[in-house]
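This note's numbering numbers the first residue of the sequence shown as 1 and each following residue consecutively. Heads up: the structure comes next, in structure tokens.
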Amino acid sequence: MDFKQGLWQQQTLKLAMTQELTQAIALLQYSAQELTAFLEEKALENPLMQVENTNIQPFNPLLDRKPRKHQKIENEWIDQIATITFSLEEQLLSQLKLTSFTAEQLRVLRHLIQNIDVNGYFTGDINEISLKLAVPLDIIEECIIVIQTLEPAGIGASSLQECLLIQVERENPDNDLAQTILTDFFVPFAEKKWKHISKELNVPLKAIQEVFDRIQKLNPRPGTGLVQDDTRYIIPDAIVEWAKEGFIVSYCDDLLPRVNFNDQYYKKLTSANDSQVSRFLQEKVQDFQWIMKSIEQRKETLTKVVAKIVEKQTAFFQKGPQYLVPMTMKEVSSELDIHESTVSRAVKEKYMQTPIGTYSLKSFFTSTIQTVSTENTSSSQVKNAIANLIQSENKQKPLSDQDIVENLKHSEGFVVSRRTIAKYREQLGIASSSKRKRFD
């Protein structure tokens, strides 16, 4: 075969990802907080962009100076009071009568407390701490026991077993059976291999069931009540309201910053009649226009997608989450005549405020489950059905995953495999049938 060398002309189609297109895509998938941060950053780069935070009330220096000054100071004090929190170390040390301990013991106690994690468990190595602090091991052990007498019960334990045992001993010191089970049979007890325990201790299964019920009420993470996490607030991107004529969808941009063109600055620089300044201004004007266009496109796309969700999920908004119907992003993109990836970006980290609560837009898209009829159902409906079946089952003879398969097929018409049932059950946080079984 002969190969000829030479220059050839070929016509091809190629989509160029311009900077403006990349920016428009990025803005679409930004959450409200991310969009605000992006605009504020852009305003630092572009002097023609004015970004005004809409949460800040306008200030009139002639009318509001004195009242606003006092109001600001008062609000600052209120904010400081509201945000005062105490560390885990401070909360535990505050329970101790410090004068009852030597300086060495207090040093050890502080160091031990610093080795307690957010769940309340002691994670340090007492031998290493003994060497590091040059303190005898028995003093370290005594100080750990002191910490374990503090509130909440179970704090300072080195394991879940010890944590539960401390709580049982404190709440009911006379419950010898519970203490024996936790001390000598912890693993088989947790795995519900109770017949072996019943035989070894010569007690009925009902007595072990009672111990299990008591332990279920204990706190396996005692430290969480002491450590305060920052509260995360969800800002809805769209609001769905019910009116006489039906549901109304509105784009929620009240909390987004207002973006304006700095016309005064533009006119001032234009009058300089400098070619370099003119090129700079032209670039910044174009940048401003593209950002405004991208924001408008984001708003338009998001509103369309939310409106389509409401249209296809009307029963959900009228009757509740159990009426969520199967819906895919491909289906919505096809009906809106946009790309599926556009829908995916539009719903990413976005939330909708509805008459029945606030939901992520992504939660409205569910996989399709086959039924014995011509209609399909959503995975969320199947999960609800599984939860209802297990809630009403005979706890002494709980339903196996295969039993649930048969029940759903005959009572609901859902065609689901045993493997899918197991997956959905785990997602719902429901244990297997052997661990749900009761003996009373």
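All C-beta atoms, glycine included, are put in the ideal place defined by N, C-alpha and C. This one's a predicted model, so the numbers in the text were calculated from it and none came from an experiment.
Taking the beta strand (DSSP E) that residue i falls in, what are its first and last residues?
{"i": "TYR359", "result": "357-360"}
{"i": "THR354", "result": "351-354"}
{"i": "ILE235", "result": "No beta strand (DSSP E) contains ILE235, which DSSP labels as neither H nor E."}
{"i": "VAL249", "result": "246-251"}
Got a sec? Which residues, its chain only, sit under 8 Å from residue i by beta carbon, not counting five neighbours each side?
{"i": "ASN115", "result": "PHE122, THR123, GLY124, ILE129"}
{"i": "ILE147", "result": "LEU92, LEU109, LEU112, ILE113, ILE116, PHE122, ILE155, GLY156"}
{"i": "ILE25", "result": "ARG345"}
{"i": "LEU281", "result": "LEU48, TYR266, LEU269, THR270"}
{"i": "ASN127", "result": "LEU137"}
Within its chain, find whatever has a CB closer than 6 Å to the CB of residue i; leave out the 5 residues flanking it on each side and keep chain order.
{"i": "SER158", "result": "PHE122"}
{"i": "PHE185", "result": "ILE197"}
{"i": "LYS441", "result": "Residue 441 falls outside the range modelled here, since the chain spans only 1 to 440, and no answer is possible."}
{"i": "GLY225", "result": "PRO152"}
{"i": "GLU74", "result": "Note that GLU74 scores 44 on pLDDT, short of 50, meaning its location in the model is unreliable; the coordinates nonetheless yield the value given after this. Answer for GLU74: no residue qualifies."}
{"i": "PHE29", "result": "The amino acid at residue 29 is misidentified as Phe; the sequence shows Gln. Excluding positions up to five away in sequence, the list reads ARG345, LYS348."}
{"i": "TRP443", "result": "In this structure the chain extends from 1 to 440, so residue 443 is not present and cannot be described."}
{"i": "SER411", "result": "none"}
{"i": "TYR359", "result": "MET352"}
{"i": "ASP440", "result": "LYS206, GLN209"}
At what residues does the alpha helix (DSSP H) containing residue i begin and finish?
{"i": "ALA243", "result": "First-last for ALA243: 238-243, but that is the beta strand (DSSP E), not the alpha helix (DSSP H)."}
{"i": "TYR323", "result": "Note, TYR323: premise wrong, no alpha helix (DSSP H); not H, not E."}
{"i": "GLY309", "result": "A quick correction: the sequence has Ile, not Gly, at residue 309. Here the alpha helix (DSSP H) through ILE309 covers 275-312."}
{"i": "VAL187", "result": "186-190"}
{"i": "ILE215", "result": "205-216"}
{"i": "ASN388", "result": "379-391"}
{"i": "PHE38", "result": "32-45"}
{"i": "GLN105", "result": "103-113"}
{"i": "ARG258", "result": "First-last for ARG258: 258-261, but that is the beta strand (DSSP E), not the alpha helix (DSSP H)."}
Using 10 angstroms around the beta-carbon of residue i, count the other beta-carbons present and answer buried if the total reaches 16, otherwise exposed.
{"i": "GLN381", "result": "buried"}
{"i": "ILE145", "result": "exposed"}
{"i": "VAL277", "result": "exposed"}
{"i": "THR366", "result": "buried"}
{"i": "ILE181", "result": "buried"}
{"i": "GLN167", "result": "buried"}
{"i": "GLY120", "result": "buried"}
{"i": "GLY223", "result": "buried"}
{"i": "ASP401", "result": "buried"}
{"i": "ILE234", "result": "exposed"}
{"i": "ILE140", "result": "buried"}
{"i": "TRP242", "result": "exposed"}
{"i": "LEU98", "result": "exposed"}
{"i": "ILE309", "result": "buried"}
{"i": "ALA422", "result": "exposed"}
{"i": "THR354", "result": "buried"}
{"i": "ASP237", "result": "buried"}
{"i": "LYS132", "result": "exposed"}
{"i": "LEU324", "result": "buried"}
{"i": "LYS284", "result": "buried"}
{"i": "VAL416", "result": "buried"}
{"i": "VAL187", "result": "exposed"}
{"i": "VAL211", "result": "buried"}
{"i": "VAL118", "result": "exposed"}
{"i": "LEU44", "result": "exposed"}
How about residue i: is its C-beta nearer than 8 Å to some C-beta of chain D?
{"i": "MET329", "result": "Of the protein chains in the structure, only one exists, and it is not chain D."}
Using 8 Å for Cβ pairs, my map puts residue i next to residue j. What's the rounded Cβ distance?
{"i": "SER434", "j": "LYS206", "result": "Not really, about 18 Å apart at Cβ, beyond 8 Å."}
{"i": "VAL305", "j": "VAL347", "result": "6 Å"}
{"i": "ASN262", "j": "GLN23", "result": "Not confirmed; about 20 Å, so no contact."}
{"i": "LYS299", "j": "ASP253", "result": "7 Å"}
{"i": "LYS350", "j": "LEU302", "result": "7 Å"}
{"i": "CYS143", "j": "GLN105", "result": "6 Å"}
{"i": "LEU428", "j": "PRO257", "result": "Incorrect: roughly 40 Å between the Cβ atoms, too far for contact."}
{"i": "GLN396", "j": "ARG438", "result": "6 Å"}
{"i": "ARG425", "j": "ILE386", "result": "6 Å"}
{"i": "ILE215", "j": "LEU164", "result": "6 Å"}
{"i": "ILE295", "j": "LEU27", "result": "7 Å"}
{"i": "GLN322", "j": "ASN384", "result": "5 Å"}
Among residues of its own chain, excluding the 5 on either side of residue i, which ones have a beta-carbon nearer than 7 Å to its beta-carbon?
{"i": "GLU393", "result": "LEU399"}
{"i": "VAL343", "result": "VAL305, MET329, VAL332, SER333"}
{"i": "PHE288", "result": "ASN46, LEU48, MET49, PHE261"}
{"i": "LEU160", "result": "PRO220"}
{"i": "SER432", "result": "none"}
{"i": "GLU340", "result": "MET329, LYS330, SER333"}
{"i": "LYS42", "result": "MET49, ILE291"}
{"i": "VAL135", "result": "GLU104, VAL108"}
{"i": "GLN264", "result": "none"}
{"i": "SER100", "result": "none"}
Specify whether the segment 247-261 and the segment 308-327 touch according to this definition: at least 3 beta carbon pairs, one from each stretch, less than 8 Å apart. yes
Three CB pairs or more closer than 8 Å across the segment 265-278 and the segment 29-37: no
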